[in-house]
Amino acid sequence: MSERAAPFFCPYCGDEDLRPSEAGHGAWECHGCRRAFQLKFLGLLSTAHGSTATHGGTTHDRHDD
Numbered sequence: 004m005s006e007r008a009a010p011f012f013c014p015y016c017g018d019e020d021l022r023p024s025e026a027g028h029g030a031w032e033c034h035g036c037r038r039a040f041q042l043k044f045l046g047l048l049s050t051a052h053g054s055t056a057t058h059g060g061t062t063h064d065r066h067d068d
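The numbering used here numbers the first residue of the sequence shown as 4 and each following residue consecutively.
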């Protein structure tokens, strides 16, 4: 099994100074804009009409500090 992919840039400011956060699995900290965010895999997209994920939820959880 391979390692999980890491984000290349902050989804809020575009900075590349990201570090894993101790807040939990998939949590990252941007030292450019000082935001913390979490990435989560939701599922595979359906090939049928529309592009809904097979599992519900949000694409990211934002924690502005």
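Backbone N, C-alpha and C define an ideal beta-carbon position, used for all residues, glycine too.
- Pairing F44 with W31 gives a Cβ-Cβ distance that is not under 8 Å.
- Take the alpha-carbon of G46 and the one of A9: they are about 17 Å apart.
- Rounded to whole angstroms, the separation of the alpha carbons of T50 and C16 is 32 Å.
- The distance from the Cβ of G29 to that of L42 is about 5 Å, consistent with a contact at the 8 Å cut-off.
- Pairing R38 with F11, the inter-Cα distance amounts to about 15 Å.
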